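Peer 1: Residue numbers (our numbering): 1059 to 1434.
Supplied in structure tokens, the structure appears directly below.
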């Protein structure tokens, strides 16, 4: 890009990743660095063709989507302009503002006098000491579903936006949609080897690699690594009562629940085998890890599994529930000392979390327990 291109602010890869977790195509980690660069280039090129004072890319969060499009939020994942860094990461309800109108209707919209437009929301202008005179916004789609909005604010060259500007921006939005879809498809293909086919979480092979790397980084930085070991309580009864296809569906739903609850940058969520799951959280100490474990335990106890109709069932599945889980928590180096080979430390941390999980089961299940501290 030439020297006149605006500085574009984009969420860091670890914060950008959740917005690109599209459930139907998800299979693991996302190469968010490529997405960051791409989204930045979209804004730079859009304002090169339609010179503007400011602009943004807003996306919904797929984990927050419901059947009602007025009940979502749009997040500023990339911005440029005078107040760009302040807007980054902020959100706006989809029942408000021009971007909310575009998101709900799926139709482009331009405003020549923003302050008099019925859809214009003055909140950000008032908060950031900025004045919006004109704007144009177009929908971003994935698989024909609106997932975000591309917006430009205050047309340069001393004029308001018009139909030609809207048409040009629609071209960029279509390009954005196509490229995001391509990135997501590439993610699916590239991550198949390190993902569990049933749940979409990491598989055990990739989990062991990530745990080794996390421990090595903790040694180099003097930090910590928390490990959660989860086992579904009485899962065998699901298979025995409803069949193994029902059991597979429960595991799939639990994998999605786990990703919905553990939204921590840098965390690794994996299916360890059968109905056992593991979570690596770099940088977390014991109390923080216990809070996450309790969040998971409460979430699964509240979850309604096997709702709806399935091809393998003649009718609704009468799942009594609730399903619960036992969770063991171990933190390196609090519960496993910094000694021995990396394989030894990894295996010791895994064993500590595993034993804490079995202790939780022995105490009655539906419980979180922490491993004993390592001897000084």
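We treat Cβ as the ideally placed atom computed from N, Cα and C, and that holds for glycine.
Keep in mind it's a predicted model, so treat the numbers as computed, not measured.
#1: Can you list, in chain order, the residues of its chain whose CB lies under 7 Å from that of residue 1123, leaving out five sequence neighbours each side?
#2: DSSP has residue 1386 in a bridge; who is on the other side?
#3: Note down, one range per segment and in chain order, each alpha helix (DSSP H) of at least 4 residues found wholly within the segment 1157 to 1205.
#4: Measure the alpha-carbon distance for residue 1340 versus residue 1197 and round it to whole angstroms.
#5: In chain order, which alpha helix (DSSP H) runs of at least 4 residues are fully inside the segment 1295 to 1381?
#6: Could you give the residue range of the beta strand (DSSP E) that holds residue 1112?
#7: Can you tell me whether residue 1213 is buried or exposed? The criterion is at least 16 other CB atoms within 10 Å of its CB, across all chains shown.
#8: Hey, could you find the ends of the alpha helix (DSSP H) residue 1407 is sitting in?
#9: Thinking C-beta only, is residue 1287 closer than 8 Å to residue 1336?
#10: Helix, strand or coil: how does DSSP classify residue 1278 here?
#11: Would you decide whether residue 1386 is buried or exposed? Buried here means 16 or more other CB atoms lie within 10 Å of its CB.
#12: Just the Cα atoms here: how many angstroms apart are residue 1412 and residue 1118?
#13: Spatial neighbours of residue 1110 within its chain, please: C-beta separation below 7 Å, excluding the five flanking residues on both sides.
#14: With H, G and I counted as helix, E and B as strand and the rest as coil, what does DSSP make of residue 1271?
#15: Please report how far the alpha carbon of residue 1392 lies from the alpha carbon of residue 1414, in whole angstroms.
Peer 2: Per the coordinate set shown:
#1: 1130
#2: 1287 and 1427
#3: 1181 to 1186
#4: 37 Å
#5: 1302 to 1319 and 1344 to 1360
#6: 1110 to 1118
#7: buried
#8: 1400 to 1420
#9: yes
#10: helix
#11: buried
#12: 37 Å
#13: 1210, 1211, 1212, 1213 and 1214
#14: helix
#15: 14 Å
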